[in-house]
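A.B. asks: One structure follows; several queries about it will come next.
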Amino acid sequence: MFKMNRCHWQNDMIQKYGSPVRVATNQLFFADMESWVDIYGQSSNPCLKEPGFYDQMTATGATSVFNTTSKVEHARVRRLLSHAFSLNALSGRGEISHADMDCFFVVIPVQSFFPLLRYVPIPSIQEAYGRLGKLVKFVQQSVRNFQAQIEKEGDSFAKGTFLRNLIDARDAETGGSRLCFEDLVENTIIFLLAGSDTTAITSMYLLWETGRRPKVKKKLLEEIRTAFPNHDRAPTYEQASNLPYLNACIEETLRLWGPFNVGFPRVSPGKRIGGKFIPEGVVVATVAYSTHRDPKFFPSPLEFVPERWLDVNSDMRAMSKPFGHGPRNCIGKHLADIGIHLTLTRLYQLYDIEIDSSMTDKMMRQKDRGAASPWDQKFLIRPKPVQQGA
6 MFKMNRCHWQ NDMIQKYGSP VRVATNQLFF ADMESWVDIY GQSSNPCLKE
56 PGFYDQMTAT GATSVFNTTS KVEHARVRRL LSHAFSLNAL SGRGEISHAD
106 MDCFFVVIPV QSFFPLLRYV PIPSIQEAYG RLGKLVKFVQ QSVRNFQAQI
156 EKEGDSFAKG TFLRNLIDAR DAETGGSRLC FEDLVENTII FLLAGSDTTA
206 ITSMYLLWET GRRPKVKKKL LEEIRTAFPN HDRAPTYEQA SNLPYLNACI
256 EETLRLWGPF NVGFPRVSPG KRIGGKFIPE GVVVATVAYS THRDPKFFPS
306 PLEFVPERWL DVNSDMRAMS KPFGHGPRNC IGKHLADIGI HLTLTRLYQL
356 YDIEIDSSMT DKMMRQKDRG AASPWDQKFL IRPKPVQQGA
């Protein structure tokens with residue numbers, strides 16, 4: 006991992022030796038449809054998260070919905086988070102999101118849109134990234150201030166907002182338990198880190214791929230600008246998510262350039278995985294980077310072909326899992342989807358974007374820094390505002 010080449014190494018091993026491949030004394034990588042279900046799917050005999058990997062994934066020392074290895078604790082926290090992350094709760098704040106998006110494009114130059122320096126929430130390298138400590142303090146103070154405002158202004162304060170939904174959540178199955186202060190801080194930090202990565206990285210690679218393909222770019226721009234000719238009004242998520250070619254471009258970008266394409270480790274309880282019996286205690290993982298490039302399901306797998314998603318089949322869905330699979334898949338999928346759609350539609354609605362001639366394939370090769378990002382840590386574009394009605 007610390008060579009920042011993990012997803013490429015995992016894929017190289019699978020391409021060379023097949024699936025599954027033994028990569029350590031007690032570790033197997035898979036790249037087949039069955040293993041997605043066998044390892045990560047709902048089961049009475051599940052493969053639990055591997056403690057040696059996930060115990061490191063904390064910013065404060067507390068557990069989160071992502072790093073807890075307890076099936077019971079994960080289920081409790083997931084229930085507490087589920088309403089805040091539901092599509093209804095997130096899209097219900099559409100007017101605020103649109104105002105935020107418009108303010109963002111006014112205040113922040115589009116050239117600065119892609120913040121590629123990321124925090125890495127792993128204790129062994131936190132010292133090299135002092136910003137993480139600042140982020141922890143910022144979130145702690147923000148949560149304290151928010152809770153104080155609720156006490157001061159009463160029950161109506163910020164009702165229905167994301168953080169308020171987290172604070173108000175109660176779990177009936179465990180006697181009305183709630184997220185304590187430490188839970189709120191740790192989970193909020195994970196959401197900030199993972200959420201900003203997903204939106205920024207997916208948007209950036211979509212601009213990279215479409216910007217190099219004039220026919221694809223022309224078709225996408227025509228779809229967006231025909232649907233949203235009025236620059237004074239940002240598209241809603243409901244509107245943006247109904248654009249078939251935009252959806253296809255996003256799906257194809259996530260297939261090729263998803264920010265979390267590595268194999269996340271689980272521990273076999275002693276069961277059949279991918280058609281083979283895997284003894285108890287063996288660490289197993291399905292490598293998304295490899296399943297997303299299987300030519301059996303994705304012809305010309307290294308090519309960016311959005312059209313393949315206009316006639317999608319169930320096998321393609323079963324092999325392309327940018328947000329994971331099963332009861333521990335990414336709880337922020339809806340939040341990421343909203344962010345990606347609103348960002349891209351507003352960006353293409355307001356700007357003509359050209360890729361700087363200095364950018365190369367080598368510079369855009371993914372570097373695994375917890376979330377994948379370009380190897381050179383930069384993406385240079387030349388934006389030009391679009392005239393109303395152009």
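With the sequence shown counted from 1, adding 5 to any position gets you the working numbering.
Yeah, the Cβ is synthetic: ideal placement off N, Cα and C, and Gly gets one too.
Just so we're clear, the structure is a prediction, and the values are computed from it rather than from any experiment.
So, using beta-carbon positions, are D176 and R84 closer together than 9 Å?
C.D. replies: Walking along the sequence shown from the start, residue 176 turns up at place 171. Walking along the sequence shown from the start, residue 84 turns up at place 79. Yes, they are a contact pair.
A.B. asks: Classify K157: buried if its beta carbon has 16 or more other beta carbons within 10 angstroms, exposed otherwise.
C.D. replies: Counting from 1 along the sequence shown, the entry for residue 157 is found at position 152. Answer is exposed; the Cβ neighbour count stays below 16.
A.B. asks: Where in the region 289–319 do unbroken runs of the beta strand (DSSP E), each at least 3 residues long, occur, reported from the N-terminal end onward?
C.D. replies: Within the region 289–319, no complete beta strand (DSSP E) run reaches 3 residues.
A.B. asks: At a cut of 8 Å, does the region 350–364 reach the region 375–395 through at least three beta carbon pairs?
C.D. replies: Touching, per the Cβ criterion.
A.B. asks: When the Cα atoms are used, what is the spatial distance from Q152 to G138?
C.D. replies: Here the question's residue 152 lines up with position 147 in the sequence shown. Here the question's residue 138 lines up with position 133 in the sequence shown. Looking at the two C-alpha atoms, the distance is approximately 21 Å.
A.B. asks: Where does P264 land, buried or exposed, given buried means 16+ other C-beta within 10 angstroms?
C.D. replies: To locate residue 264, count along the sequence shown from 1; it is residue 259. Answer is buried; the Cβ neighbour count reaches 16.
A.B. asks: When the Cβ atoms of the region 361–369 are set against those of the region 73–87, are three or more pairs found closer than 8 Å?
C.D. replies: As far as the Cβ criterion goes, the region 361–369 does not touch the region 73–87, which means the pair count is below three.
A.B. asks: Take the Cβ of Q392 as the centre, count every other Cβ of all protein chains shown within 10 Å, and call the residue buried at 16 or more, exposed below.
C.D. replies: Counting from 1 along the sequence shown, the entry for residue 392 is found at position 387. Classification for Q392: exposed.
A.B. asks: Starting from F167, trace the alpha helix (DSSP H) both ways and give me its first and last residue.
C.D. replies: If you number the sequence shown from 1, residue 167 lands on position 162. Taken as a continuous stretch (DSSP letters only), the alpha helix (DSSP H) holding F167 covers F167 to D173.
A.B. asks: Can the beta-carbon of A323 be found less than 9 Å from the beta-carbon of L33?
C.D. replies: Working through the sequence shown from its first residue, we reach residue 323 at position 318. Working through the sequence shown from its first residue, we reach residue 33 at position 28. Contact: no.
A.B. asks: Measuring alpha carbon to alpha carbon, tell me which of Q371, V267, V287 and K276 ends up nearest A36.
C.D. replies: Within the sequence shown, the letter at position 31 stands for residue 36. With distances taken between Cα atoms, A36 lies closest to V267.
A.B. asks: What do you get for S40, buried or exposed, if any count of 16 or more other CB atoms within 10 angstroms of its CB means buried?
C.D. replies: Within the sequence shown, the letter at position 35 stands for residue 40. Flag for S40 reads buried.
A.B. asks: Does Q131 come out as helix, strand or coil in the three-state DSSP assignment?
C.D. replies: Within the sequence shown, the letter at position 126 stands for residue 131. In this predicted model, Q131 has a pLDDT of only 40, less than 50, meaning its place in the structure is not dependable; the value taken from the coordinates is given anyway. Residue state, collapsed to three classes: helix.
A.B. asks: How should K301 be labelled, buried or exposed, when 16 other C-beta atoms within 10 angstroms of its C-beta is the threshold for buried?
C.D. replies: Working through the sequence shown from its first residue, we reach residue 301 at position 296. K301 is exposed by the Cβ-count criterion.
A.B. asks: Report yes if the CB atom of D336 is closer than 9 Å to the CB atom of S96, and no otherwise.
C.D. replies: The count along the sequence shown starts at 1 and reaches residue 336 at position 331. The count along the sequence shown starts at 1 and reaches residue 96 at position 91. Looking at the sequence shown, residue 336 is not Asp but Ile. For I336 and S96, no; Cβs fall outside 9 Å.
A.B. asks: Excluding five sequence neighbours on each side, which residues of the same chain lie with their C-beta closer than 6 Å to the C-beta of G329?
C.D. replies: For this step, residue 329 is matched to residue 324 along the sequence shown. Cβ neighbours of G329 beyond the five flanking positions: C335.
A.B. asks: Taking A376 as part of the alpha helix (DSSP H), name the residues at either end of that continuous run.
C.D. replies: Along the sequence shown, one-based indexing puts residue 376 at 371. Unbroken run through A376 is the beta strand (DSSP E), A376 to P379; no alpha helix (DSSP H).
A.B. asks: Short of 7 Å in beta carbon distance, which residues of its chain neighbour F71, apart from the five on each side in sequence? Order them along the chain.
C.D. replies: Position 66 of the sequence shown, counted from the start, is the residue given in the question as residue 71. If we look at F71 and ignore the five residues flanking it on each side, its Cβ neighbours are M62 and I195.
A.B. asks: Report all residues from its chain with a CB closer than 6 Å to the CB of F233; omit the five preceding and five following residues, and keep chain order.
C.D. replies: For the purposes of this step, residue 233 is identified with residue 228 of the sequence shown, where counting begins at 1. Only P240 and Q354 meet the Cβ criterion.
A.B. asks: Take H297 and list the residues in its own chain whose beta-carbon comes closer than 6 Å to its own, dropping the five residues that flank it on each side.
C.D. replies: Position 292 of the sequence shown holds residue 297. Result list for H297: R260 and S325, in chain order.
A.B. asks: Counting Cβ pairs closer than 8 Å, one from the region 315–322 and one from the region 206–224, do we hit at least three?
C.D. replies: Verdict: no, contact absent.
A.B. asks: For the putative contact between D202 and A29, defined by C-beta atoms under 8 Å, what is the C-beta separation to the nearest angstrom?
C.D. replies: Position 197 of the sequence shown, counted from the first residue, corresponds to residue 202. Position 24 of the sequence shown, counted from the first residue, corresponds to residue 29. Not quite, the Cβ-Cβ distance comes to about 27 Å (not below 8 Å), so this is no contact.
A.B. asks: By how many angstroms is the C-alpha of S208 removed from the C-alpha of K383?
C.D. replies: Locating residue 383 in the sequence shown gives position 378, where the first residue counts as 1. Locating residue 208 in the sequence shown gives position 203, where the first residue counts as 1. So the two alpha carbons sit approximately 13 Å from each other.
A.B. asks: Using CA coordinates, which residue listed in T350, R333 and S48 is at the minimum distance from K276?
C.D. replies: For this step, residue 276 is matched to residue 271 along the sequence shown. Among T350, R333 and S48, the Cα nearest to that of K276 belongs to S48.
A.B. asks: In the DSSP assignment, find the alpha helix (DSSP H) that holds D413 and state where it starts and stops.
C.D. replies: Because the chain is modelled from 6 through 395, residue 413 falls outside the range shown and cannot be assessed.
A.B. asks: Suppose you measure from the CA of I172 to the CA of G66; what does that come to, to the nearest Å?
C.D. replies: As a first step, residue 172 is located in the sequence shown; it is residue number 167 there, counting from the start. As a first step, residue 66 is located in the sequence shown; it is residue number 61 there, counting from the start. Roughly 20 Å between the two C-alpha positions.
A.B. asks: Leaving out five residues before and five after P306 in sequence, what residues of the same chain have Cβ atoms less than 6 Å from its Cβ?
C.D. replies: The residue given as residue 306 occupies position 301 in the sequence shown. Excluding sequence neighbours, P306 sits near R298 and P300.
A.B. asks: Between F309 and E214, which are expected to be in contact by the criterion C-beta below 8 Å, what is the C-beta distance as a whole number of angstroms?
C.D. replies: As a working note, residue 309 is residue 304 in the sequence shown. As a working note, residue 214 is residue 209 in the sequence shown. With 8 Å as the limit, F309 and E214 qualify as a contact, their Cβ atoms being about 4 Å apart.
A.B. asks: I need the DSSP call for Q382, collapsed to helix, strand or coil.
C.D. replies: Counting from 1 along the sequence shown, the entry for residue 382 is found at position 377. In the structure shown, Q382 sits in coil (DSSP, three-state: anything other than H, G, I, E or B).
A.B. asks: Can you tell me which of Q20, C254, N10 and Y59 puts its alpha carbon nearest to the alpha carbon of V288?
C.D. replies: Indexing the sequence shown from 1 puts residue 288 at position 283. Nearest C-alpha to V288: Y59.
A.B. asks: Just reading off the alpha helix (DSSP H) that D43 is part of, what are its end residues?
C.D. replies: On the sequence shown, position 38 is the one that residue 43 refers to. Looking at the DSSP string, the run of the alpha helix (DSSP H) that includes D43 is M38 to Y45.
A.B. asks: Is H88 buried or exposed, if buried means 16 or more other CB atoms sit within 10 Å of its CB?
C.D. replies: As a working note, residue 88 is residue 83 in the sequence shown. Per the 10 Å Cβ criterion, exposed.
A.B. asks: For L86, count the other beta carbons within 10 Å of its own beta carbon; 16 or more makes it buried, fewer makes it exposed. Which is it?
C.D. replies: Mapped onto the sequence shown, residue 86 falls at position 81. So L86 ends up on the buried side.
A.B. asks: Where does D160 fall in DSSP's three states?
C.D. replies: Taking the first residue of the sequence shown as 1, we reach residue 160 at position 155. Reduced to three states, the DSSP call for D160 is coil.
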